[in-house]
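Undergrad:
Numbering (the working numbering), first residue to last: 553 to 670.
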């Protein structure tokens with residue numbers, strides 16, 4: 553799966569929130585500073601070309617919806633991220649966050665509990 557740019561990810565977040573809609577609907581979901589309407593429209597068209605978004609023509613406008621679920625994108629993104637930056641080692645990923653003090657002992661215990669229950 554192709555990695556999305558920050559601008560594309562922001563657009564996808566808005567699309568996932570709306571489930572389906574028009575460019576104006578997505579623009580309303582994006583935090584300030586909002587991109588210009590035409591920039592968002594171009595970004596959504598690129599997402600359609602990449603297969604992340606499906607479009608349906610309604611009159612003179614297009615209604616868009618996500619072609620991939622948010623959870624599926626997260627899963628694929630994280631698998632690629634761990635593979636590229638941590639040599640496919642989730643242990644190294646957790647170790648990195650622990651060394652950077654980005655994860656607490658309680659959070660680690662919660663993760664261990666989740667693993668043991670799975």
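For glycine and all other residues, C-beta sits at the position ideal for the given N, C-alpha and C.
1. For residue 608, which residues does DSSP report across the bridge?
2. Any idea which residues DSSP pairs residue 573 with across the strands?
3. When you compare only the Cα positions, how much space is there between residue 599 and residue 575?
4. CB residue 618 to CB residue 606, shorter than 9 Å?
5. Taking the beta carbon of residue 604 as the centre, do at least 16 other beta carbons fall within 10 Å, making it buried, or is it exposed?
6. I believe residue 570 touches residue 555 by the beta-carbon criterion, under 8 Å. Please report the beta-carbon distance rounded to the nearest angstrom.
7. Determine the direct distance from the alpha carbon of residue 662 to that of residue 670, and round the result to whole angstroms.
8. Can you tell me whether residue 567 is buried or exposed? The criterion is at least 16 other CB atoms within 10 Å of its CB, across all chains shown.
9. Return the first residue and the last residue of the alpha helix (DSSP H) that residue 657 is part of.
10. How many angstroms separate the CA atom of residue 561 from the CA atom of residue 625?
11. If you run the structure through DSSP and keep just helix, strand and coil, what is residue 626?
TA: Taking the structure as given:
1. Note: residue 608 is bridge-paired with 615 in the DSSP secondary-structure output.
2. In the DSSP secondary-structure assignment, residue 573 is bridged to 616.
3. Rounded to whole angstroms, the separation of the alpha carbons of residue 575 and residue 599 is 13 Å.
4. One thing to note: residue 618 has its Cβ within 9 Å of the Cβ of residue 606.
5. Label assigned to residue 604: buried.
6. Going by Cβ atoms, the distance from residue 570 to residue 555 rounds to 23 Å, so no, they are not a contact pair.
7. Roughly 12 Å separates the two Cα atoms.
8. Buried: at least 16 other Cβ atoms inside 10 Å.
9. From DSSP, the alpha helix (DSSP H) with residue 657 extends over 657-669.
10. Across the structure, residue 561 and residue 625 are spaced so that their CA atoms are roughly 10 Å apart.
11. In this structure, residue 626 counts as helix in the three-state DSSP scheme.
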